[in-house]
Amino acid sequence: MTHPAAITARPWPRASHAWWALAVFALAAVLSYTDRQILTLLIDPVRADLAISDTQVSLLQGLAFVLIYSIAGLPLGRAADIFPRRIVIIAGVTVWSLATVACAYVHSFQALFIARIFVGIGEACLAPAAMSMIGDYFPPQRRGTAISVFMLGMVVGSGAAIMIGGGALHAVQHGLVAGVPYLRELPAWRAVLVLMALPGALMVLLLLTVREPARRLHAGQESAAPLPLKEVLADFVKLRHILLPLYFGMALLGVCDAAMGNWIPALLSRRFGWDAGQIGELFGAASIVGAAVGVFGGGLLADRLVARKGNAARFTVAFAAVLLGLPGAFCGLAGSAGVVLLGNAWWAMMSAAAAIIAITALQDIVPNHMRGVAIALASFGNIMLGVGLGTSLTPWINDHVFNDPLKVGDAMTLAAVPVALLAIGLYWRLWRVTRAVH
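Following the numbering used here, the numbering of the sequence shown begins with 814 at its first residue and continues without gaps.
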């Protein structure tokens, strides 16, 4: 394959600026996931205000993102391979922040669905562009740790949406915005959405301080021009024996994550009588700790093992993590709230470890000119199956099998466990394939 541009060797960017850029990207990930997940905490007031069902709420959480990732995710990944990646991220932050504000002012399910689609458009810009830049900021031996820090922002954002959102909802209900024009007339859940969107302006200013790094090939060299899409697709076909089980394995983990994580707040509220404040503090904290340990631990292991034993050893750890995490998928059957929280935290830790190892391997497997599309494909699978199917699977099972709001935990378990077993099979297959290659 002939590259259409001259290639010149360059040193890696200064470590200080690389870590600053990574910190900004991680904050953007926190903001992205906070704006995405905040609706999870607001399920009951949204249902009451708009007179919608659990299944319709799940469509707002899931299908709105599936549609946009199906339509725009891959072109935005390609944009990250062609255009300045910093500008792609800034545009995304602007769009999702404005769309979050729009969510606060709609008065029908259809309008809220459309606003959530635009939240998805903005968020689809972040991961492909940021991870592509991380690959050009950090050499392979530090890349796993760097990616784990970025993904830690996603983990923190998911938990922060519950913790910060719960605190904000409580504060608004007790007069936080009583003297603020335009906000004081809004129901509490709508005011919370406006407040959660405001940090987007600060995020744009921080992104303006980040420099665009030179694009590199695997050998640490700069490629001055993107390859035609036809050649990029040909490279994907050559790598299909590794990429297919990798993508589907990650997506199935996403199904379990969404089937459990999006409905545990409802389980804690309906079965155990917890209020939004309790759910925000305890479920949010348990989720953050579990997933954060998995993400950071997985990143460190990836960096150590890549130098010692290669990709096969990394996927051995990923396979073991998914297998060990399986008992946590049964947490919806627990008779105490504490066991529910511990089981979910255990699953979150093991699932996150497997995911970070897979995404780090993806950065090493694919060359620079296809990283944006490669990450977009991973996001596409995770969103299409994970958020789209996983979020709706639990209420669908509850509506058609149990038909009882108090049985949401049983439905959650029936949704998550079979999918977790499929994920274990795919990670085993991935381990076998990479062993044969290496």
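Ideal Cβ positions, reconstructed from N, Cα and C, are used throughout, including at glycine.
All figures in this text were calculated on a predicted structure; none of them were measured in a lab.
- Task: Enumerate in chain order the residues of its own chain whose CB-to-CB distance from Ala-877 is below 7 Å, with the five nearest sequence positions on each side excluded.
- Result: For this step, residue 877 is matched to residue 64 along the sequence shown. Closer than 7 Å at the Cβ level, and outside the excluded window around Ala-877, lie Phe-926, Arg-929, Ile-930 and Gly-933.
- Task: Quick one: grab the DSSP three-state call for Arg-1029.
- Result: Numbered from its first residue, the sequence shown carries residue 1029 at position 216. Three-state DSSP puts Arg-1029 in a strand.
- Query: What residue range is occupied by the uninterrupted alpha helix (DSSP H) comprising Tyr-950?
  - Reply: For the purposes of this step, residue 950 is taken as the residue at position 137 of the sequence shown. That run of the alpha helix (DSSP H) goes 939–950.
- Take the Cβ of His-1182 as the centre, count every other Cβ of all protein chains shown within 10 Å, and call the residue buried at 16 or more, exposed below. Within the sequence shown, residue 1182 is the residue found at index 369, counting from 1. With 16 or more Cβ atoms within 10 Å of its Cβ, His-1182 is classed as buried.
- Query: Hey, Ile-1172 and Ile-960: beta-carbon distance below 8 Å or not?
  - Reply: For the purposes of this step, residue 1172 is taken as the residue at position 359 of the sequence shown. For the purposes of this step, residue 960 is taken as the residue at position 147 of the sequence shown. Cβ distance < 8 Å, so Ile-1172 and Ile-960 count as in contact.
- Message: Let me confirm a value: Pro-1180 is counted as buried when at least 16 other C-beta atoms fall within 10 Å, else exposed. Which label applies?
- Response: Looking up residue 1180 in the sequence shown gives position 367. Buried, because 16 or more other Cβ atoms sit within 10 Å of the Cβ of Pro-1180.
- Looking at Met-1225 and Met-1073, is the spacing between their C-beta atoms short of 8 Å? Residue mapping note: residue 1073 aligns to position 260 of the sequence shown, counting from 1. Residue mapping note: residue 1225 aligns to position 412 of the sequence shown, counting from 1. Contact: yes.
- Item | Nearest to Ser-1205 (by Cα), restricted to the options His-830, Val-870, Leu-1234 and Ala-842 | Here residue 1205 is taken as the residue at index 392 of the sequence shown, counted from 1. When each option's Cα is compared against that of Ser-1205, the closest is Val-870.
- Message: Within 8 Å, do at least three Cβ pairs link the stretch 835–844 to the stretch 1015–1031?
- Response: yes
- Given a cut-off of 8 Å, decide if Phe-1096 and Ile-975 are closer than it, judged by their beta-carbon atoms. Taking the first residue of the sequence shown as 1, we reach residue 975 at position 162. Taking the first residue of the sequence shown as 1, we reach residue 1096 at position 283. Yes, they are a contact pair.
- Message: Can you check which of these residues, Arg-1117, Glu-1044 and Ile-856, is closest to Pro-953 by C-alpha distance?
- Response: Within the sequence shown, the letter at position 140 stands for residue 953. Looking at the Cα atoms, Arg-1117 is the closest of the given residues.
- Message: Quick check on Leu-1025: buried or exposed, where buried means 16 or more other Cβ atoms within 10 Å of its Cβ?
- Response: By 1-based counting over the sequence shown, the position of residue 1025 is 212. Per the sequence presented here, residue 1025 reads as Glu, with Leu not at that position. Looking at its Cβ environment, which holds fewer than 16 other Cβ atoms inside 10 Å, Glu-1025 is exposed.
- For Ala-1134, does the count of other Cβ atoms within 10 angstroms reach 16, so buried, or fall short, so exposed? Translated into the one-based positions of the sequence shown, residue 1134 becomes position 321. Burial call: buried.
- Task: Taking all protein chains shown into account, decide if Glu-936 is buried (16 or more other Cβ within 10 angstroms of its Cβ) or exposed.
- Result: The residue labelled residue 936 in the question sits at position 123 within the sequence shown. Result: buried.
- Message: Between the alpha carbons of Gly-1111 and Arg-955, how many angstroms are there, rounded?
- Response: As a first step, residue 1111 is located in the sequence shown; it is residue number 298 there, counting from the start. As a first step, residue 955 is located in the sequence shown; it is residue number 142 there, counting from the start. Their Cα atoms are separated by approximately 13 Å.
- Message: Short of 7 Å in beta carbon distance, which residues of its chain neighbour Val-1045, apart from the five on each side in sequence? Order them along the chain.
- Response: Counting from one through the sequence shown, the residue named residue 1045 turns up at place 232. These residues qualify, in order along the chain: His-1182, Met-1183 and Val-1186.
- Taking only the alpha-carbon atoms, compute the straight-line gap between Gly-905 and Gly-1148 and give it to the nearest angstrom. Numbered from 1 along the sequence shown, position 92 holds the residue referred to as residue 905. Numbered from 1 along the sequence shown, position 335 holds the residue referred to as residue 1148. Between Gly-905 and Gly-1148, the C-alpha separation is close to 42 Å.
- Pick helix, strand or coil for Ser-829, following the three-state DSSP scheme. Taking the first residue of the sequence shown as 1, we reach residue 829 at position 16. Here Ser-829 sits in helix by DSSP.
- C-alpha distance - Gly-775 paired with Ala-842, whole-angstrom precision: With the chain running from 814 to 1251 in the structure shown, residue 775 is simply not present.
- Contacts around Met-1163, its chain only, beta-carbon distance under 8 Å, and the 5 residues preceding and following it disregarded: Taking the sequence shown and counting its residues from 1, one reaches residue 1163 at position 350. Result list for Met-1163: Gly-1107, Ala-1134, Val-1135, Leu-1137, Gly-1138 and Gly-1141, in chain order.
- Query: How many Å lie between Phe-922 and Ile-865 at the Cα?
  - Reply: Within the sequence shown, the letter at position 109 stands for residue 922. Within the sequence shown, the letter at position 52 stands for residue 865. Taking the straight line joining both Cα atoms gives about 7 Å.
- Message: Here's a check: name, in chain order, each residue in its chain whose Cβ is nearer than 6 Å to the Cβ of Ala-1032, leaving out the five neighbours to either side.
- Response: Translated into the one-based positions of the sequence shown, residue 1032 becomes position 219. Its pLDDT being 49, under 50, Ala-1032 is placed unreliably in this model, and the value from its coordinates should be taken loosely. So no residue of the chain qualifies.
- If we count the other Cβ atoms within 10 Å of its Cβ and call it buried at 16 or more, is Ala-828 buried or exposed? For the purposes of this step, residue 828 is identified with residue 15 of the sequence shown, where counting begins at 1. Under this definition Ala-828 is an exposed residue.
- Item | Beta-carbon proximity list for Leu-1154, same chain, < 7 Å, skipping 5 on both sides | Within the sequence shown, the letter at position 341 stands for residue 1154. Counting only Cβ-Cβ distances below 7 Å, and skipping sequence neighbours, we find Leu-1095, Phe-1096 and Ala-1099.
- Cutoff 6 Å; reference Ala-892; Cβ partners in own chain excluding five residues on either side: Taking the sequence shown and counting its residues from 1, the one referred to as residue 892 is at position 79. Excluding sequence neighbours, Ala-892 sits near Val-901.
- Query: Sorted by chain position, which residues of the same chain lie with C-beta nearer than 8 Å to Thr-815's C-beta, five sequence neighbours on each side aside?
  - Reply: Counted from its first residue, the sequence shown places residue 815 at position 2. For Thr-815, the predicted structure reports a pLDDT of 39, less than 50, and the residue's modelled location is therefore unreliable. A value from the coordinates is still provided. If we look at Thr-815 and ignore the five residues flanking it on each side, it has no Cβ neighbours.
- Decide if the stretch 842–860 is in contact with the stretch 1004–1014; the criterion is three or more beta carbon pairs, one per stretch, under 8 Å apart. yes
- Task: Work out the CA separation of Gln-874 and Gly-886 for me, nearest whole Å.
- Result: Working through the sequence shown from its first residue, we reach residue 886 at position 73. Working through the sequence shown from its first residue, we reach residue 874 at position 61. Distance between the alpha carbons of Gly-886 and Gln-874 is about 17 Å.
- Task: Would you kindly check if the distance between the Cβ of Gly-1199 and the Cβ of Ala-1064 is under 8 Å?
- Result: Residue mapping note: residue 1064 aligns to position 251 of the sequence shown, counting from 1. Residue mapping note: residue 1199 aligns to position 386 of the sequence shown, counting from 1. Yes. Within cutoff.
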